[in-house]
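**Student:**
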Amino acid sequence: MTIFPSSFDPATRTRWDKLLGEVVTIAAKHPDAVFASSLAAEDMLLLHAIVQTQAPIEVFTLDTGRLPAQTLGLIDTIADRYGAAVKAIRPDPAAVHEHVAQHGEFAFYESVVLRKACCAIRKVEPLRRTLKGHSAWITGQRRGQSVTRVELAESEFDPVFGLQKYNPLAGWTEDQVWAVIRALDIPYNPLHDQHYPSIGCDPCTRAIRPGEDARAGRWWWEQRASKECGLHAGNLKAIDAQT
Ligand code: SF4
């Protein structure tokens, strides 16, 4: 049972209790379920829920080779705090080498095509490799994060990777996420305190300005409709419906 301060928002407390139940249910239904953690605030909350419920869900993160030091440092923080290992999944070194040799270290600034090619090598292929043979995966995505996520379902079949996908935080608000993080003293990426609500690879993420969309700092040189990296390609149907 989770102990919250007496003044804690009852609706958020209910959401948290529901989340704990959902994590247990997913693990029971899919004993091979894996959690793809981006190590963002939402994902830290989800990790805390998994640890608290002792649900046998393996946690991994995609170490693209271009992550900020603060994100990598969180892996050690998690080990210290929870005694839990987050498996770092890395891209195929030969594919990275070939892409960099052909297009350069910063080709992603040149075109959406080259940016997506980099994401495909450093993120999508490693994810596909890791999800292979599993029946379900879990993410920390929320609908409020982006225009590409407004139609996010809590549970859906993922046609891209061919397995069930759970987004148990889909309906959470940013305030609710942070209320639980503060109340339970859950560790988080220090970049969040420097106006980075969404954190990806170092060269592809900047701090946002007041009033900007939470994902405005991701691939900021691109139009909003292209701002997914291929891990959640199904989200782009929301954009397709609007244009
Ligand atoms: S976010 Fe940027 S550096 Fe990271 S994989 Fe995608 S294009 Fe490459």
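0 is the number of the first residue of the sequence shown in numbering that gives the first Met the number 0; add one for each residue after it. C-beta atoms are modelled at their ideal positions from N, C-alpha and C, and glycine is treated no differently. This structure is a prediction, so every number in the text was calculated from the model and none was measured.
1. What separation, rounded to the nearest whole angstrom, lies between the Cα atoms of Ile207 and Gly216?
2. Using DSSP with H/G/I as helix, E/B as strand and the rest coil, what is Glu109?
3. Would Leu190 and Thr63 be called neighbours here (beta carbons separated by less than 9 angstroms)?
4. Considering Glu21, what are the terminal residues of the alpha helix (DSSP H) in which it resides?
5. Exposed or buried, Thr24, counting other C-beta atoms within 10 Å across all chains shown (16 or more means buried)?
6. Where do the ends of the beta strand (DSSP E) carrying Leu162 lie?
7. Going by Cα to Cα distance, which pick from Ile74, Asp16, Arg114 is closest to Gln51?
8. Check for me: the beta strand (DSSP E) holding Trp136 runs from which residue to which?
9. Here's the rule I'm using: 16 or more other beta-carbon atoms within 10 Å means buried, otherwise exposed. How should Arg121 be labelled?
10. Measuring from the CB of Phe34, is there a heavy atom of the ligand SF4 at a distance below 8 angstroms?
11. Can you tell which of Arg89, Ala32, Val146, Glu41 has the C-alpha that lies nearest to the C-alpha of Ile180?
12. Pull up the CB-CB distance for Arg114 and Asp201, whole angstroms please, since I reckon it's below 8 angstroms.
13. Quick check: does the Cβ of Arg114 come within less than 8 angstroms of any heavy atom belonging to the ligand SF4?
14. Could you tell me the alpha carbon to alpha carbon distance between Ala93 and Leu61, rounded to whole angstroms?
15. Consider the C-beta atom of Trp218 and the heavy atoms of the ligand SF4; say whether any pair is separated by less than 8 angstroms.
16. Should the stretch 96-111 be called in touch with the stretch 72-81, which here means at least 3 C-beta pairs below 8 angstroms?
17. Does the distance from the CB of Pro167 to the CB of Ile77 come in under 9 angstroms?
18. Closer than 8 angstroms to a non-hydrogen atom of the ligand SF4 - does that hold for the CB of Pro196?
19. With burial defined as no fewer than 16 other Cβ atoms inside 10 Å of the residue's Cβ, what is the status of Trp171: buried or exposed?
20. Mind checking whether Glu21 and Glu109 have CB atoms under 9 angstroms apart?
21. Are the Cβ atoms of His262 and Val58 separated by less than 9 angstroms?
22. Using the C-alpha atoms, what's the distance from Asp184 back to Val159?
23. Got a sec: does the ligand SF4 put a non-hydrogen atom nearer than 8 angstroms to the Cβ of Ile243?
24. Say yes only if the C-beta of Arg65 is nearer than 8 angstroms to one or more non-hydrogen atoms of the ligand SF4, and no if none qualify.
25. Between the Cα of Tyr195 and the Cα atoms of Ala39, Arg141, Thr11, Ser145, which residue gives the shortest distance?
26. Relative to the C-alpha of Asp8, which candidate in Ala169, Ala178, Ala68, Gln193 has its C-alpha closest?
**Tutor:** In terms of the structure at hand:
1. Going from the Cα of Ile207 to the Cα of Gly216 covers about 5 angstroms.
2. For Glu109, the secondary structure class from DSSP, reduced to helix, strand or coil, is coil.
3. With a cutoff of 9 angstroms on beta-carbon distance, Leu190 and Thr63 are scored as not near each other.
4. Per DSSP, the continuous alpha helix (DSSP H) segment holding Glu21 begins and ends at 9-28.
5. Thr24 comes out exposed.
6. If you look at Leu162, you'll find it in the beta strand (DSSP E) that goes 162-165.
7. Comparing Cα-Cα distances from Gln51 to each of Ile74, Asp16, Arg114, the minimum goes to Asp16.
8. Run containing Trp136: 135-137, per the beta strand (DSSP E) assignment.
9. Counting other Cβ atoms within 10 Å of its Cβ, Arg121 reaches 16 or more and is therefore classed as buried.
10. Not under cutoff, so the answer is no.
11. Ranking the options by Cα distance to Ile180, first place goes to Glu41.
12. In fact, because the Cβ distance is near 14 angstroms, the residues do not count as touching under 8 angstroms.
13. Yes; taking the cut-off as 8 angstroms, the Cβ of Arg114 has a heavy atom of the ligand SF4 nearer than that.
14. If you take the alpha carbons of Ala93 and Leu61, they lie about 17 angstroms apart.
15. With a threshold of 8 angstroms, the Cβ atom of Trp218 counts as near the ligand SF4, since some heavy atom of the ligand is closer than that.
16. No, because fewer than three Cβ pairs between the stretch 96-111 and the stretch 72-81 fall closer than 8 angstroms, the two stretches do not touch.
17. Against a cut-off of 9 angstroms, the Cβ pair of Ile77 and Pro167 comes out as no contact.
18. For Pro196, the distance from the CB to the nearest heavy atom of the ligand SF4 is not below 8 angstroms.
19. Buried.
20. It is not a contact, given that the beta carbons lie outside the stated cut-off.
21. Nothing about residue 262 can be read from this structure; the chain reaches only from 0 to 242.
22. Answer to the nearest angstrom: the Cα atoms are 35 angstroms apart.
23. Past the edges of the chain, shown from 0 to 242, lies residue 243, and the structure says nothing about it.
24. Indeed, a heavy atom of the ligand SF4 lies less than 8 angstroms from the Cβ.
25. If we check each option's Cα against that of Tyr195, Ala39 comes out closest.
26. With distances taken between Cα atoms, Asp8 lies closest to Ala178.
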